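A short worksheet on the structure shown next.
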């Protein structure tokens with residue numbers, strides 16, 4: 731199986747992560763409290779890459795191969811815990827996102843929030 | 731389009747989120763530093779639902795419809811920012827996850843880590 | 731007692747927070763895992779105030795009375811949980827900080843790190 | 731100066747941290763956005779020590795000298811950034827905490843919240 735954004739479904743990624751966890755019998759550790767903390771921990775590790783950078787220095791990170799490789803791994807870690815959390819809680823991630831974006835569209839009407847976040 | 735884990739690809743979700751951001755001209759706010767902080771902020775909101783619960787109290791959350799609805803929205807928020815981050819940084823999320831799980835399989839061999847996290 | 735930075739000791743603040751927790755019999759909730767998550771949750775709420783601001787927009791926050799009042803409360807929340815955590819773990823916060831700054835002074839020698847974080 | 735909770739004031743700790751930052755000319759990095767993210771990053775590192783532990787396993791950490799030493803350092807890191815943030819924003823930390831605890835006392839009356847967090 732060639733795994734890539736253009737063809738891989740959320741369900742397939744859930745299966746990928748779920749199999750890894752099951753093979754190690756890690757389900758008892760993967761309760762929702764621990765998984766939510768794990769997402770936050772990995773998110774903090776992602777933030778570290780930008781901790782002291784000013785807004786105008788951020789574009790340079792795209793050209794830093796070492797940083798980009800580490801950032802890619804952090805993104806994957808967040809995704810793994812998020813998928814594991816969704817599986818554990820019986821949440822369909824794609825439909826949850828679709829519905830939340832519809833709520834957000836009501837909360838942030840285009841005309842009022844164009845180029846503004848408040 | 732019926733959006734659901736079993737049929738929706740990562741690329742489709744990236745498009746969904748990307749269109750929302752573009753319609754509001756929010757790209758200038760969505761730099762990698764701000765998005766990584768946003769993932770952490772939403773992850774903290776998810777953690778709040780379990781903040782004071784003991785391990786044995788977690789299962790009851792599954793039967794709390796109000797909590798589950800809020801948790802579903804938090805999960806969607808994390809996903810939205812994670813997808814936006816990946817798009818912004820040119821990261822293929824599915825292949826990043828697939829490769830990270832292969833690294834993790836080397837780091838955590840099944841026989842040594844069965845039922846153990848260290 | 732007039733509580734202010736120039737005359738109030740860490741021990742006095744620990745007592746202030748400890749009394750509040752004890753009066754509500756909240757010690758069972760205040761285990762180190764929950765308190766560490768609580769610090770992270772409050773830190774995320776503090777981050778929210780700067781979530782979409784560019785570096786050059788930060789100075790204006792100092793003149794926003796409503797934001798400053800909320801920020802002051804978030805800072806207090808982080809301090810409360812940090813003090814509660816230190817009390818719970820038997821950590822002398824002042825000496826821990828003093829010793830860590832001495833370690834940092836070795837790790838970040840002045841001549842090498844002047845105006846640089848790496 | 732012997733630094734300890736029983737005799738050291740918040741102002742003295744602010745001076746300790748402020749001198750460290752000034753000697754390295756790090757003030758430009760220590761803007762409120764970066765410092766709030768830094769508090770969150772260090773809080774996540776503190777959480778990591780309890781990431782996979784169940785409630786009943788937490789007491790054992792107190793007897794793990796290596797873990798306790800690392801935890802002490804993380805607590806110091808959070809304190810350092812929190813003090814630096816308060817200094818930067820002109821916030822008197824002790825009075826902010828005192829006032830917040832008074833607000834909390836109104837929000838969480840003893841009779842209603844005894845042994846309950848909601």
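Protein chains in written order, with the working numbering: chain E, 731 to 848; chain Y, 731 to 848; chain F, 731 to 848; chain U, 731 to 848.
All residues carry an ideal CB built from backbone N, CA and C; glycine is no exception.
Quick caveat: nothing in here was measured; it's all calculated off a predicted structure.
Neighbourhood of residue 733/E in chain Y, by CB distance below 7 Å: 824, 825 and 828, in chain order.
If you check the CB distance, residue 738/Y and residue 740/E come in under 8 Å. Put simply, the CB of residue 751/Y is far from chain E, with every gap to its CB atoms at 8 Å or more. The C-alpha of residue 823/Y lies about 46 Å from the C-alpha of residue 755/F.
Among the residues of chain U, none has a CB under 7 Å from the CB of residue 795/Y; the nearest is roughly 17 Å distant. DSSP places residue 738/Y outside both helix and strand once states are collapsed to three, so it counts as coil. Residue 806/U places its beta carbon 8 Å or farther from that of residue 777/E. Setting aside the 5 residues that flank it on each side, residue 757/F is surrounded in the same chain by 751, each with a C-beta closer than 7 Å to its C-beta; the list follows chain order. Rounded to whole angstroms, the gap between the alpha carbons of residue 789/Y and residue 832/F is 45 Å.
Judged by DSSP in its simplified three-state form, residue 733/F adopts coil rather than helix or strand.
As for any alpha helix (DSSP H) of minimum length 4 sitting wholly inside the region 754–797 of chain U, the runs are 762–778, ordered along the chain. Interface annotation for the region 770–796 of chain Y against chain F: 770, 771, 774, 777, 778, 781 and 782, criterion Cβ-Cβ distance under 7 Å. Chain-ordered, the chain U residues with CB closer than 7 Å to the CB of residue 847/Y read 782.
Among the CB atoms of chain U, none fall inside 8 Å of the CB of residue 835/Y.
In the three-state reduction of the DSSP assignment, residue 844/Y falls in the coil class. Under the three-state reduction of DSSP output, residue 822/U falls in the coil class, being neither helix nor strand. Residue contact check for residue 844/F against chain U: a CB pair falls below 8 Å. Distance check between residue 812/Y and each of 820/E, 819/E, 801/E and 821/E places 801/E closest, using alpha-carbon atoms only. For residue 737/Y, at least one C-beta of chain E is nearer than 8 Å to its own C-beta. Between the C-alpha atoms of residue 753/E and residue 847/Y there is a straight-line separation of about 13 Å.
Less than 8 Å divides the Cβ of residue 747/F from the Cβ of residue 814/F. Taking the Cα positions, residue 829/Y is about 33 Å away from residue 769/F. CA-to-CA, the gap between residue 839/F and residue 845/F works out to about 11 Å. Straight-line measurement puts the Cα of residue 774/Y at about 27 Å from the Cα of residue 796/U. DSSP, read as helix, strand or coil, puts residue 811/E in helix. Chain-order list of chain Y residues neighbouring residue 768/F: 781, by C-beta distance under 8 Å. Sorting 821/E, 827/E and 765/E by C-alpha distance to the C-alpha of residue 784/U places 765/E at the top. Classified as buried, residue 780/F has 16 or more neighbouring CB atoms from the shown chains inside 10 Å of its CB. If you draw a straight line from the Cα of residue 835/U to the Cα of residue 772/F, it is about 18 Å long. The C-beta distance from residue 749/F to residue 827/U rounds to 13 Å, too long to meet the 8 Å contact threshold. Between the alpha carbons of residue 791/U and residue 799/U lies a gap of roughly 11 Å.
With 16 or more neighbouring CB atoms inside 10 Å of its own CB, residue 763/E falls in the buried class. Taking all protein chains in view, the Cβ of residue 787/F is surrounded by fewer than 16 other Cβ atoms within 10 Å, so the residue is classified as exposed. Taken atom to atom, the span from the alpha-carbon of residue 843/U to that of residue 842/E is near 42 Å.
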